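Single-structure report; data block below.
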Amino acid sequence: MPITYTKSKHDAVLTLAGVSGDQYNRKALLRSWKARETKSHWGHGFPQTGYRMTEGGGDELGSMSFNQIQYHYRYSKKPIRVHKEKALNYFDPEDNLKGFIVHTAANAPGNTANDYGHTGAFYKVFAQGTARSHNDSDLKAYRHCSGSGTCTAVSAIKTQEDEYEQLARAIAEYNLNPGDKSWPIILKNKKLADCKSCEYSIDVRNSADKFNLPYRTYIWKGGTYPANLTDENGNSDPKAGTDWCFAYGENEWMEPFDVKEPGQPTRKAKFEDYKKKAKRDKNLKVSCI
Amino acid sequence: MIKINKKLLAICLCSFALQLWALEKSTLSNGFDDEESPIPFDTIYNHFEYTPYYLVEKSQDIYYGLSGGGQGIGYYDLKNKTEPIGWPLTSSSPCNASNDDCVEPWWVGRWSEQEFLEPEIKKRLNDYEITLPYELSYGDEVADAIGCLEHTPLRYGDIDADSDSELVLFLKNTLVVFSPTQEKVVFSTLFNYPDYITWQTLIDAEMYLDDPDANTPQYASLYEFKKDRNAIIGYRGYSKLYVQDFDNNQNVDLVLWRKLYQSRLQGDSLKGFEKLSDSYLHYKKVDGAYQLQTGTAPETVQGWLTANNLSWQKGFPSKSECDGQEGQLIPEMHDALLNDPDVLK
Chain U
3 MPITYTKSKH
13 DAVLTLAGVS
23 GDQYNRKALL
33 RSWKARETKS
43 HWGHGFPQTG
53 YRMTEGGGDE
63 LGSMSFNQIQ
73 YHYRYSKKPI
83 RVHKEKALNY
93 FDPEDNLKGF
103 IVHTAANAPG
113 NTANDYGHTG
123 AFYKVFAQGT
133 ARSHNDSDLK
143 AYRHCSGSGT
153 CTAVSAIKTQ
163 EDEYEQLARA
173 IAEYNLNPGD
183 KSWPIILKNK
193 KLADCKSCEY
203 SIDVRNSADK
213 FNLPYRTYIW
223 KGGTYPANLT
233 DENGNSDPKA
243 GTDWCFAYGE
253 NEWMEPFDVK
263 EPGQPTRKAK
273 FEDYKKKAKR
283 DKNLKVSCI
Chain L
526 MIKINKKLLA
536 ICLCSFALQL
546 WALEKSTLSN
556 GFDDEESPIP
566 FDTIYNHFEY
576 TPYYLVEKSQ
586 DIYYGLSGGG
596 QGIGYYDLKN
606 KTEPIGWPLT
616 SSSPCNASND
626 DCVEPWWVGR
636 WSEQEFLEPE
646 IKKRLNDYEI
656 TLPYELSYGD
666 EVADAIGCLE
676 HTPLRYGDID
686 ADSDSELVLF
696 LKNTLVVFSP
706 TQEKVVFSTL
716 FNYPDYITWQ
726 TLIDAEMYLD
736 DPDANTPQYA
746 SLYEFKKDRN
756 AIIGYRGYSK
766 LYVQDFDNNQ
776 NVDLVLWRKL
786 YQSRLQGDSL
796 KGFEKLSDSY
806 LHYKKVDGAY
816 QLQTGTAPET
826 VQGWLTANNL
836 SWQKGFPSKS
846 ECDGQEGQLI
856 PEMHDALLND
866 PDVLK
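Just so you know, the protein sequences line up as chains U and L, in that order.
Going by this note's numbering, the residue at position 16 of the first sequence is 18; the numbering climbs one at a time, nothing skipped.
Going by this note's numbering, the residue at position 289 of the second sequence is 814; the numbering climbs one at a time, nothing skipped.
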C-alpha cells in the first residue's frame, strides 16, 4: 500500500494540537473515525440488534454504510475491488475496516499497483497532494482550546497548511470533497449546511466522544483601530492605528451563536457575524499575535 | 393641423422614460454596508446590540436594513430610537402538520405562487429535492454573482412611477421587489439559473461514469453534482424585465421574458446549449402587489416587446456592475454558446 499518514505526521499533528499520550495514537484515531460511521453501520432494523449490519440505502447505486463502496459514482464502475483483490471478507467487520484503510490510501487509477478504481483521500492529501497555501492576508495566527477552555499559546500561521490542517482536510475529503481551498479558508467560506464533510471531519477529530483533539481556533484581522483612539481617561491609546483581530475556528464553526434579526427566523452565525460582533465589543477583540 | 393631447403625451413620455432605467442602479438609492458607512450601524448596535448587513436611507435617520440571512427586512427609526420593525421576505408553507398529504410547493422560502418558473426547472427541484430559498451569497459564492448586481443587494426607489417607493433586492440569483407600504414582497424572479458545469468536471472529480459518447451531455447539472454527485444534464436560464405601460391603461406593467436552455450533446456539431423555451409573462399591480395575468397571451406580450423595439439586450438586467466592466453586457446572459440569436441583439 502507498505510504500516506505516517507516525511522524501524526506526531506532528499532536504536537501542533498540544496533546500527547497513548489515548491519542493512530489506532485511537481510527477507532474514533469508525465510531462516527458505526452508528449508521450497525444496529438498525427490527428487532434492533447490535449484530445487524446496515446494507443499502434504498438502491444499489446509492448504497449506504458497509455497502457504500458500491456507490459507483464515487467508488468506480467496478466496486468492491479492494475486497476481492486483497481477499477481504466484505461482511466481516474487521476485514471491512481493513478495506476502509486500503480504500483511503489507494493511489490514482491507472497505476499498475494498488489501483482500486479511485484515489483515496489520504493518498490525495498526504502522498499525491501538497500542502495548500492560505492566500488570505487576514489570517494571522491560531491556537488550540480544549472543551474546558484551556488554550495553547497563539502561534503565527504558516504560509501553507500544516499537518493538523492536512489531516482535517483529508478526513473531510474521505467523506466528500470540501473544496479546493486550504482548511481555514474552507471554514471561513462555507456554512455548516454547505460543508457536511467539514462537520464530519471536526466531529471525528475533535468531539469529546471521538478523538477529542482540542479545537483549532484561528485569529483573523478584523480591522484597524482609529488613529485618534483614546483610552478611558482621554489619553492617546497605544493601540491607535494598529490592527485588531477576532477568533473564529473549528469550535465556532460547529457551535455558532444564534443571530436574531428583524423579519427573519433566528439563524446560526457565520464568519462575518463573528467579525461584526467583535468590531463593536472590545471583549471579543484579541491581539493579532 | 394636428392637435396634441398634452396629457396623453405626458403619459407616453413618462411610460417611455420608465422602461429600462427604472431599475438601473443609477436611478435608485443604493444601500451600503458597515465598511462603507459605519455610523448608522454603530447607532443601531448601541441601541439594539445587533447590526443588519446592509442599510439604505429612506429619509434622514430612517433606514431600511437587509438581514445577514437575506430573508428579512428591518425598519430602523434612528431619530426616535424605536424598536426595529421586521418584515419577512419569504412566504411560509401552505402545508400544516395535520395534513400529511400536503406537498410543499417549490416557492416556499421565496415569493409566492405568482412567481413563474419553467416546468423543467420545477420538475428538477421536485425530483431532486433542490431548494432555491432567498439568501445572500456567502463566501466563495460572492465572486459568482452574475454582473456583480448582488454586490449592492439593497436599493430603494419608485420603480413603477406610482409615487410609492419599493426596495429592490438582489439575493443570489433572484431579483426581489419589496413594498414597505404593503409590508410584503410584490414581485420576484429568478433572473439567473446557472445549473451547469462541464461534463469534464465530473470526470475530474473521479465520478466513475460510462465513457462519454455522442449522447453524453456537454454540460452536467451543477446543483445535482453538488448535492448528490449525480450526473444529469445541465440547464441554464435567464430572465429580462421590462417596465412600461404596455396595454395603455395608464398603469405600469411588468413584462418578463424568460429563456431556458439545455446542454447540447457531445455528438452535436454545435458547442454549448440549445433553447428549450421562451416565456413571455405579463404582471399587473393589483391591490399593491404584482399578479401574473394568465389571460394575457404570450403572443400579445411578445408583440408588445416587438412594437416597442425592446430586444433581449434592452431588458433588465443587462449591464454589468463589476469593477472595470461597468456598462458592458453581462457575459452569461448574452453568451454565443447559448446558440440563440435573440441574446445577441
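For each residue, glycine too, the CB sits at the ideal point set by N, CA and C.
Remember, predicted model here, so these are calculated numbers, not experimental data.
Original post:
Under a three-way DSSP split, which group does tyrosine 118 of chain U fall into?
Top reply: For this step, residue 118 of chain U is matched to residue 116 along the first sequence. Residue state, collapsed to three classes: coil.
**OP:** Enumerate, from N- to C-terminal direction, the unbroken alpha helix (DSSP H) stretches of 4 or more residues contained entirely within the stretch 713 to 745 of chain L.
**Re:** At a cut-off of 4 residues, the continuous stretches assigned as alpha helix (DSSP H) that sit fully inside the stretch 713 to 745 of chain L are 724 to 729.
Original post:
By DSSP, does cysteine 627 of chain L sit in helix, in strand, or in coil?
Top reply: Looking up residue 627 of chain L in the second sequence gives position 102. DSSP, reduced to helix, strand and coil, places cysteine 627 of chain L outside both helices and strands of the structure shown, so it counts as coil.
Subject >> Chain-ordered chain L contacts of aspartate 275 of chain U [CB-CB under 7 Å] >> reply: The residue given as residue 275 of chain U occupies position 273 in the first sequence. Those within 7 Å of aspartate 275 of chain U in chain L are Gly593.
**OP:** Identify which residue in L/Tyr744, L/Phe771, L/Ser764, L/Glu549 has its Cα closest to the Cα of isoleucine 758 of chain L.
**Re:** Here residue 758 of chain L corresponds to residue number 233 of the second sequence, with the count starting at 1. Ranking the options by Cα distance to isoleucine 758 of chain L, first place goes to L/Tyr744.
Original post:
What number of angstroms, rounded off, separates the C-alpha of valine 156 of chain U from the C-alpha of valine 288 of chain U?
Top reply: Taking the first sequence and counting its residues from 1, the one referred to as residue 156 of chain U is at position 154. Taking the first sequence and counting its residues from 1, the one referred to as residue 288 of chain U is at position 286. Taking the straight line joining both Cα atoms gives about 11 Å.
Subject >> In DSSP terms, what valine 811 of chain L is bridged to >> reply: Within the second sequence, the letter at position 286 stands for residue 811 of chain L. DSSP output for valine 811 of chain L lists L/Ala814 as bridge partner(s).
Original post:
Hey, out of U/Cys197, U/Glu234, U/Glu167, U/Asn191, whose CA is closest to proline 180 of chain U's CA?
Top reply: Translated into positions along the first sequence, residue 180 of chain U becomes position 178. Measuring from the Cα of proline 180 of chain U, the nearest candidate turns out to be U/Cys197.
Subject >> DSSP three-state assignment for glycine 251 of chain U, whether helix, strand or coil >> reply: Counting from one through the first sequence, the residue named residue 251 of chain U turns up at place 249. Strand.
Original post:
Taking the continuous alpha helix (DSSP H) assigned at serine 203 of chain U, which residues delimit it?
Top reply: As a working mapping, residue 203 of chain U is identified with position 201 in the first sequence. Here the alpha helix (DSSP H) through serine 203 of chain U covers 198 to 208.
Subject >> Range covered by the alpha helix (DSSP H) that runs through histidine 12 of chain U >> reply: Looking up residue 12 of chain U in the first sequence gives position 10. Where histidine 12 of chain U is concerned, the enclosing alpha helix (DSSP H) starts and stops at 9 to 19.
Subject >> asparagine 179 of chain U: contacting residues in chain L (beta-carbon distance under 8 Å) >> reply: Counting from one through the first sequence, the residue named residue 179 of chain U turns up at place 177. Annotation: Cβ neighbours of asparagine 179 of chain U in chain L (cutoff 8 Å, chain order): Ala730.
**OP:** Return yes when the Cβ of valine 780 of chain L is within less than 8 Å of the Cβ of leucine 806 of chain L, no when it is not.
**Re:** The residue labelled residue 806 of chain L in the question sits at position 281 within the second sequence. The residue labelled residue 780 of chain L in the question sits at position 255 within the second sequence. Going by C-beta atoms, leucine 806 of chain L is nearer than 8 Å to valine 780 of chain L.
**OP:** Taking lysine 142 of chain U as the reference, give the member of U/Lys223, U/Lys86, U/Gln168 with the closest Cα.
**Re:** To locate residue 142 of chain U, count along the first sequence from 1; it is residue 140. The candidate whose alpha carbon is nearest that of lysine 142 of chain U is U/Lys223.
Original post:
Taking the alpha carbon of threonine 714 of chain L as the point to measure from, which residue in L/Asp735, L/Asp753, L/Glu643, L/Arg649 has its own alpha carbon closest?
Top reply: Walking along the second sequence from the start, residue 714 of chain L turns up at place 189. When only C-alpha atoms are compared, the closest one is L/Glu643.
**OP:** Can you grab the Cα-Cα spacing for the pair isoleucine 722 of chain L / leucine 696 of chain L, in whole Å?
**Re:** By 1-based counting over the second sequence, the position of residue 722 of chain L is 197. By 1-based counting over the second sequence, the position of residue 696 of chain L is 171. So the alpha carbons of these two residues sit roughly 21 Å apart.
**OP:** Anything in the stretch 606 to 620 of chain L with a Cβ closer than 8 Å to a Cβ of chain U? List those residues in chain order, please.
**Re:** Those residues of the stretch 606 to 620 of chain L placed with their C-beta closer than 8 Å to a C-beta in chain U are Pro609, Ile610, Gly611, Trp612, Pro613, Leu614, Thr615, ordered along the chain.
**OP:** In angstroms with no decimal places, state the Cα-to-Cα distance between leucine 548 of chain L and isoleucine 684 of chain L.
**Re:** Position 23 of the second sequence, counted from the first residue, corresponds to residue 548 of chain L. Position 159 of the second sequence, counted from the first residue, corresponds to residue 684 of chain L. Distance between the alpha carbons of leucine 548 of chain L and isoleucine 684 of chain L is about 6 Å.
Subject >> Three-state class that DSSP yields for glutamine 162 of chain U in the structure shown >> reply: Reading the first sequence from its first residue, position 160 is the one you call residue 162 of chain U. Strand, per DSSP.
Original post:
Which value, in whole angstroms, describes the spacing of the CA atoms of alanine 242 of chain U and glutamate 234 of chain U?
Top reply: Translated into positions along the first sequence, residue 242 of chain U becomes position 240. Translated into positions along the first sequence, residue 234 of chain U becomes position 232. In a straight line, the C-alpha of alanine 242 of chain U is about 13 Å away from that of glutamate 234 of chain U.
Subject >> Whether asparagine 191 of chain U touches aspartate 665 of chain L by CB criterion (8 Å) >> reply: To locate residue 191 of chain U, count along the first sequence from 1; it is residue 189. To locate residue 665 of chain L, count along the second sequence from 1; it is residue 140. One thing to note: asparagine 191 of chain U has its Cβ within 8 Å of the Cβ of aspartate 665 of chain L.
**OP:** Can you have a look at phenylalanine 750 of chain L and say buried or exposed, based on whether 16 or more other CB atoms are within 10 angstroms of its CB?
**Re:** Here residue 750 of chain L refers to the residue found at position 225 of the second sequence. Taking all protein chains in view, the Cβ of phenylalanine 750 of chain L is crowded by 16 or more other Cβ atoms within 10 Å, so the residue is classified as buried.
Original post:
Taking the alpha carbon of glycine 792 of chain L as the point to measure from, which residue in L/Ser836, L/Val777, L/Thr741, L/Val826 has its own alpha carbon closest?
Top reply: What you label residue 792 of chain L is simply residue 267 of the second sequence in a count that begins at 1. Of L/Ser836, L/Val777, L/Thr741, L/Val826, the residue nearest in Cα terms is L/Thr741.
**OP:** Name, please, each residue of chain U whose Cβ falls closer than 7 Å to the Cβ of threonine 825 of chain L.
**Re:** One-based indexing of the second sequence puts residue 825 of chain L at position 300. Residues of chain U passing the Cβ test: none, with the nearest at roughly 37 Å.
**OP:** Below 8 Å between beta carbons is the criterion; list the residues of the stretch 256 to 285 of chain U that meet it against any residue of chain L, in chain order.
**Re:** Of all residues in the stretch 256 to 285 of chain U, Val261, Lys262, Glu263, Pro264, Gly265, Gln266, Pro267, Arg269, Lys272, Phe273, Glu274, Asp275, Lys278, Lys281, Arg282 have a Cβ within less than 8 Å of some Cβ in chain L.
**OP:** Using a cut-off of 7 Å between C-beta atoms, extract the partners of threonine 576 of chain L located in chain U.
**Re:** By 1-based counting over the second sequence, the position of residue 576 of chain L is 51. Chain U residues near threonine 576 of chain L: Lys278.
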